[in-house]
Structure formats: structure tokens, C-alpha cells
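Trainee: Residue numbers (our numbering): 68 to 295.
We put the beta carbon where it would ideally sit given N, CA and C, even for glycine.
Since this is a predicted model, take the numbers as computed values, not measurements.
1. Nearest CA to the CA of residue 155: which residue from 223, 192, 185?
2. Would you tell me roughly how many angstroms separate the C-alpha atoms of residue 161 and residue 138, rounded to the nearest one?
3. Using CA coordinates, which residue listed in 244, 105, 188, 192 is at the minimum distance from residue 125?
4. For residue 268 and residue 275, I'd like the C-alpha separation in whole angstroms.
5. Label residue 198 either buried or exposed according to how many other C-beta atoms from any shown protein chain fall within 10 Å of its C-beta, with 16 as the threshold for buried.
6. I'd like the list of long-range same chain contacts for residue 226, defined as Cβ closer than 7 Å, with 5 residues on each side in sequence excluded.
7. Check residue 114 in the structure and name its three-state DSSP category.
8. If you draw a straight line from the C-alpha of residue 88 to the C-alpha of residue 271, how long is it?
9. Here's a check: name, in chain order, each residue in its chain whose Cβ is nearer than 6 Å to the Cβ of residue 180, leaving out the five neighbours to either side.
10. According to DSSP, what are the bridge partners of residue 158?
11. How do the segment 206–224 and the segment 248–262 stand: do at least 3 beta-carbon pairs fall below 8 Å, yes or no?
12. With distances taken between CB atoms, is the gap from residue 110 to residue 218 smaller than 8 Å?
13. Does the separation of the CB atoms of residue 164 and residue 120 fall below 8 Å?
14. Rounded to whole angstroms, what's the CA-CA distance from residue 95 to residue 112? Just pull it up for me.
15. Considering only residues of the segment 209–284, which uninterrupted beta strand (DSSP E) runs meet the minimum length of 3 residues and lie entirely inside it, listed in chain order?
16. Between which residues of its own chain and residue 205 is the CB-CB distance below 6 Å, once the five residues before and five after are set aside?
17. When burial is assigned at 16 or more other CB atoms within 10 Å of the CB, is residue 262 buried or exposed?
18. Roughly how many angstroms separate the alpha carbons of residue 157 and residue 143, rounded to a whole number?
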């Protein structure tokens, strides 16, 4: 083979290998996306409304808003948005009661519901609070120790920032409700009850609807459900 031919063939072969690798990667991503969509249609998602019953969570000094009640309100709003799109939802709790008499029992029952659901996604809804600095605000998404959970969290964080003007970043957090689940799992702190402006927003039904719709959009984006 002449030197000239080798000069042209080697780069061409490299291009072919790169194209083949990208094609395989693209097919793998398409397959994963199809599996997520199928699981979403078949099993829906799990929505965990944090706290409840004897465990109210944070209580706002601004307007006395109770975290457990706000969590449930947004969880049910999210359920409504997803149900309208034909997605079945499993809520770990449907009212303001806890699932057991003790915190440990309550968390174990939530874990059982999550692990048995076969859903492709689990989102846990919470409110944040930092009384030491009432200027801190903005939604934040925490993820479990898995690549897919981080991917979901990053999508949700980006959309929530765009919807609310927030600038927080998603982060890993070692939590019982996120650990050892078979599906990507995230915990969404929808805002700070210790911030005056945000505490007022979080009790507003229109703002709750905005948060719920944004979370739904993030779930659809992650699952590749393009025409919900």
C-alpha cells in the first residue's frame, strides 16, 4: 500500500470507528429511553409526601405553614398533573396521617411501598428551612448514590431553577428514603419556609401547581416521554 493511501485510509478508519461507537451509544440510549417510557406507562411513578401525622416537619415562623401539609398538597397536585397524562401514581400517603405510630415504622412502610412499586422513578416532596439565614431560598434536588438518580436530579434542578429563578445545584445526600431503591430516586426541597417571600409562595395554590408541573416535566424529560 502506498504512503498516500495509508495517509487517507487511517483517518477514514478512525472516523468510521468513532461513528460506529456513537451509533452504538445512541442505540443504547434509545433502548434505555424506550424502557423508561414503557415502565412509566405500565407502573407510573411513586410520589412520597414527606412527614405527616405526629411528624409535621418544618413549621414556618413567617406564616405558620406546616411542611407536612404543603408536601401533601404538592404531591397531590403532581399526581393530578400526571394522571391527566395517563400516568398512574402511587402515593406513600394520601392524607395527613403518618403510616405508623413511630418514625421508624413510618419510614419502613414508605420503603416497602417504594420498593414494591416497580416504578421507574421515585420523587419525595419536602420543604426546606434555615432559620439562621432567612435570606436563603430556592428549590433544591437531592439524589441517591446512583448515576441515573443524579441524571434525574440534574434535569429537575435545571427546570425548577428556570421556573422559579433559583440558582441552587443538585447534590448527593445519604437518606433512608433514597437509599437502596431499585429505581432512580430524588428528594425535592421545594423551597425554604424560613424565607419570607418563598414561604408565602409555597402556600399559594398557583405556585404549588407551577412546582408540580415543573416536576412532571422533568420526569417526562428524563424518561424520554416526548409527547405526554
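Mentor: Taking the coordinates as given:
1. Comparing Cα-Cα distances from residue 155 to each of 223, 192, 185, the minimum goes to 185.
2. Answer to the nearest angstrom: the Cα atoms are 11 Å apart.
3. The residue among 244, 105, 188, 192 with its C-alpha nearest the C-alpha of residue 125 is 192.
4. When rounded, the distance between both Cα atoms is 8 Å.
5. Counting Cβ neighbours within 10 Å, residue 198 comes out exposed, since fewer than 16 surround it.
6. Close CB contacts of residue 226 within its chain, under the 7 Å cut and outside five residues either way in sequence, are with 281, 284, 285 (chain order).
7. Secondary structure at residue 114: strand, using DSSP grouped into helix, strand and coil.
8. Residue placement at residue 88 is poorly supported in this model, since its pLDDT is 44, which falls under 50; the coordinates are not used for a value here.
9. The residues are 159.
10. For residue 158, which the question treats as bridged, DSSP gives the partners 114.
11. With the cut-off at 8 Å, the segment 206–224 and the segment 248–262 touch.
12. With respect to the 8 Å criterion, residue 110 and residue 218 are not classified as neighbours on the basis of their beta carbons.
13. Judged by beta-carbon spacing, residue 120 lies within the 8 Å limit of residue 164, meaning their Cβ atoms are closer than that value.
14. Residue placement at residue 95 is poorly supported in this model, since its pLDDT is 41, which falls under 50; the coordinates still yield a value, given next. In this structure, the CA atom of residue 95 is about 23 Å from the CA atom of residue 112.
15. The DSSP assignment places complete beta strand (DSSP E) segments of no fewer than 3 residues inside the segment 209–284 at 252–259, in order along the chain.
16. Apart from the 5 residues on each side of it in sequence, residue 205 sits with its Cβ closer than 6 Å to the Cβ of 233, 235 in its chain, given in chain order.
17. Residue 262 comes out buried.
18. Here the C-alpha atom of residue 157 lies approximately 10 Å from the C-alpha atom of residue 143.
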